[in-house]
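**Student:**
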Amino acid sequence: MKATQETKKLYDESAGDWKRVEPILLSDYSARPFVIDLCEPIVNKNILDLGCGEGYVGRELINRGAQSVHGIDISSQMIEQALIQKNEHQIINASYEAGDIRDFAVTESEQYDLVLAMFLFNYLNVSETISTMQKAYQLLKFGGYFLFAVPHPSLPFLKKDKFPFYFKPKAGYFSGRNQLFPGEIWRRDRKAVAVQCVHKTMEDYFTSLRLAAFTKMPEVYELKINQEHLELDPEFFTPLIDLPLHVAFKIQK
Numbered sequence: 001m002k003a004t005q006e007t008k009k010l011y012d013e014s015a016g017d018w019k020r021v022e023p024i025l026l027s028d029y030s031a032r033p034f035v036i037d038l039c040e041p042i043v044n045k046n047i048l049d050l051g052c053g054e055g056y057v058g059r060e061l062i063n064r065g066a067q068s069v070h071g072i073d074i075s076s077q078m079i080e081q082a083l084i085q086k087n088e089h090q091i092i093n094a095s096y097e098a099g100d101i102r103d104f105a106v107t108e109s110e111q112y113d114l115v116l117a118m119f120l121f122n123y124l125n126v127s128e129t130i131s132t133m134q135k136a137y138q139l140l141k142f143g144g145y146f147l148f149a150v151p152h153p154s155l156p157f158l159k160k161d162k163f164p165f166y167f168k169p170k171a172g173y174f175s176g177r178n179q180l181f182p183g184e185i186w187r188r189d190r191k192a193v194a195v196q197c198v199h200k201t202m203e204d205y206f207t208s209l210r211l212a213a214f215t216k217m218p219e220v221y222e223l224k225i226n227q228e229h230l231e232l233d234p235e236f237f238t239p240l241i242d243l244p245l246h247v248a249f250k251i252q253k
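With full-length UniProt numbering, the residue at position 193 of the sequence shown is 193, and numbering never jumps.
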């Protein structure tokens, strides 16, 4: 519970730093575009966005033709930012609610073509991850897809410098399981934004999917910096060359 309270406080206090209408955070370049492409086909799909933040990814999905996007986030201030963006851009097929996904009640009337969780599970421990994945499974239509991305579990132990993204491990890869690692992620305007990661191993994610009743083999992608990033901003992206930044999973019900 303490980690959850810290997460809510962190994002309530920094919600304004996450507001954006174009890529600005490191993961807006290294992770989100790739995961959004993985969501295809998007046209006419009903999508649930778990840990939606200020709605950036959901807005991109609507721009690509999603029929509806419903976002849930623990931070009421992030949801307020999402609603501001919705009103400013007159987006009629997006809805949002502030709430703890662990308390989210699943109803049989709610069924989605796609359930997405961008950097949600790095804020949950193993048991909470399993429970949330079980809800994702129940909320999916048969044939629908569950997609999620997390920081690569090995990253905190590989990266020695801070800029432009780091976590500070408090223990080793296995002994640090379920421990909260603090960190920061930089925007391209060089403003640092605080983040957190409840560490889990790669095995934990596969086990969680299995215990959540998913039976198919997931597609797994290790996300990294590419040449296009380096040409865009060498100073910003060079410290991350050849490092596994994030992992994206896609699995069908």
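Just so it is clear, CB atoms sit at the ideal spot from N, CA and C, and this is done for glycine as well. Quantities reported herein were computed from a predicted structural model and do not represent experimental measurements.
Using three-state DSSP, classify M118 as helix, strand or coil.
**Tutor:** Reading the sequence shown from its first residue, position 118 is the one you call residue 118. Looking at M118 - three-state DSSP - the assignment turns out to be strand.
**Student:** Is it true that the segment 233-253 meets the segment 202-222, where meeting means three or more beta-carbon pairs spaced less than 8 Å apart?
**Tutor:** The answer is yes - the segment 202-222 touches the segment 233-253, with three or more Cβ pairs under 8 Å.
**Student:** Is H229 helix, strand or coil by DSSP?
**Tutor:** Along the sequence shown, one-based indexing puts residue 229 at 229. The answer is helix: DSSP assigns H229 an H, G or I state.
**Student:** Could you name the residues of the same chain whose beta carbon sits closer than 7 Å to that of D100, not counting the 5 residues immediately before and after it, in chain order?
**Tutor:** If you number the sequence shown from 1, residue 100 lands on position 100. Within the same chain, D100 has close Cβ partners T4 and I74.
**Student:** Below 8 Å, how does it come out for the segment 232-245 and the segment 157-166: are there three or more Cβ pairs, yes or no?
**Tutor:** yes
**Student:** T107 to L240, Cα distance in whole Å?
**Tutor:** Counted from its first residue, the sequence shown places residue 107 at position 107. Counted from its first residue, the sequence shown places residue 240 at position 240. Taking the straight line joining both Cα atoms gives about 42 Å.
**Student:** Between S154, V21 and Y123, which lies nearest to K86 when the distance is taken from Cα to Cα?
**Tutor:** Indexing the sequence shown from 1 puts residue 86 at position 86. K86 has its Cα closest to that of V21, out of S154, V21 and Y123.
**Student:** Helix, strand or coil for N46 per DSSP?
**Tutor:** The residue given as residue 46 occupies position 46 in the sequence shown. Here N46 sits in strand by DSSP.
**Student:** When we look at the beta-carbon of T215 and count the other beta-carbons within 10 Å, is it buried (16 or more) or exposed?
**Tutor:** Here residue 215 refers to the residue found at position 215 of the sequence shown. So T215 ends up on the exposed side.
**Student:** Residues bridged to Y145 by DSSP?
**Tutor:** Position 145 of the sequence shown, counting from 1, holds the residue named residue 145. Partner(s): L114 and Q252.
**Student:** Is there contact between the segment 182-194 and the segment 207-214, where contact requires at least three CB pairs shorter than 8 Å?
**Tutor:** no
**Student:** On the DSSP bridge assignment, give the partners of L25 in chain order.
**Tutor:** Locating residue 25 in the sequence shown gives position 25, counting from the first residue. By DSSP's assignment, L25 forms a beta bridge with R187.
**Student:** Output the boundary residues of the alpha helix (DSSP H) element that contains G58.
**Tutor:** By one-based count along the sequence shown, residue 58 stands at place 58. Residues Y56 to N63.
**Student:** On a Cα-Cα basis, can you pick out the residue from H199, G16 and N46 that is closest to G176?
**Tutor:** Here residue 176 corresponds to residue number 176 of the sequence shown, with the count starting at 1. Of the candidates H199, G16 and N46, the one whose C-alpha sits nearest the C-alpha of G176 is H199.
**Student:** To which residues does DSSP link H70 through a beta bridge?
**Tutor:** Looking up residue 70 in the sequence shown gives position 70. Paired residues: L48 and S95.
**Student:** Assuming G144 and Y112 form a contact by the criterion Cβ under 8 Å, report the distance between their Cβ atoms to the nearest whole angstrom.
**Tutor:** If you number the sequence shown from 1, residue 144 lands on position 144. If you number the sequence shown from 1, residue 112 lands on position 112. Yes, they are in contact, since the Cβ atoms of G144 and Y112 sit about 6 Å apart, within 8 Å.
**Student:** Hey, is the segment 11-21 in contact with the segment 37-46, meaning 3+ C-beta pairs nearer than 8 Å?
**Tutor:** no
**Student:** Rounded to whole angstroms, what is the Cα-Cα separation between Y173 and K160?
**Tutor:** Taking the first residue of the sequence shown as 1, we reach residue 173 at position 173. Taking the first residue of the sequence shown as 1, we reach residue 160 at position 160. When rounded, the distance between both Cα atoms is 15 Å.
**Student:** Give me the DSSP bridge partner(s) of L180.
**Tutor:** By 1-based counting over the sequence shown, the position of residue 180 is 180. Paired residues: V198.
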